[in-house]
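Take a look at the structure below.
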Amino acid sequence: MMSCRRLGLRGLYHASPPQALDDDSLLEEILLRFPPHPSSLHSAGLVCKRWRRLVTDAQFVRCFHAHHQSPPLLGFFLVSGMFLPSRRINTLPPSRP
125 MMSCRRLGLR GLYHASPPQA LDDDSLLEEI LLRFPPHPSS LHSAGLVCKR
175 WRRLVTDAQF VRCFHAHHQS PPLLGFFLVS GMFLPSRRIN TLPPSRP
C-alpha cells in the first residue's frame with residue numbers, strides 16, 4: 125500500500141475527520157429514514173453516544189413511528205395467485221403542457 129506522502133495526497137487527509145453532521149436536526153432527518161426494523165435504532169445507537177442520545181429521545185421515537193406508519197395498501201393477492209390492485213396505478217408520468 126502506498127503512503128499518502130508518496131502519492132502527493134498528504135494535504136487531503138485531516139488529523140481528525142470533518143464533522144459533516146454537526147447539526148443534530150440534519151442527523152435526525154437522516155436517522156428518521158432508517159428502515160423500520162426492530163434493530164435499526166438499536167444499531168444506530170451503538171455508533172456513538174451522540175447517536176444513542178438522539179435515537180433514545182422520546183420526541184425522536186414518536187417522529188420515527190409517525191414517519192413509518194403502515195404503508196398504503198396497493199392491492200390483494202387472491203388464492204388463485206392473481207393480484208387485484210386496490211386502485212388504478214398510473215405507470216406513465218404525467219404529461220407536461
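Residue numbering for the sequence shown follows the numbering used here, starting at 125 and increasing by one per position.
Every residue, glycine too, gets a C-beta built ideally from N, C-alpha and C.
Between the beta-carbon of Leu178 and that of Glu152 there is about 6 Å, and that keeps the pair under the 8 Å contact cut.
The beta carbon of Arg176 is closer than 7 Å to those of Gly169 in its chain, skipping five residues each way along the sequence.
Leaving aside the five residues that flank Gly199 on each side, the residues in its chain whose CB is nearer than 6 Å to its CB run, in chain order, Phe207, Leu208, Pro209 and Ser210. Residue state for Gly169 is assigned as helix, using DSSP reduced to three classes. Taken through DSSP and simplified to helix, strand or coil, Pro209 comes out as strand.
Distance from the CA atom of Asp181 to the CA atom of Phe201, rounded to whole angstroms, is 39 Å.
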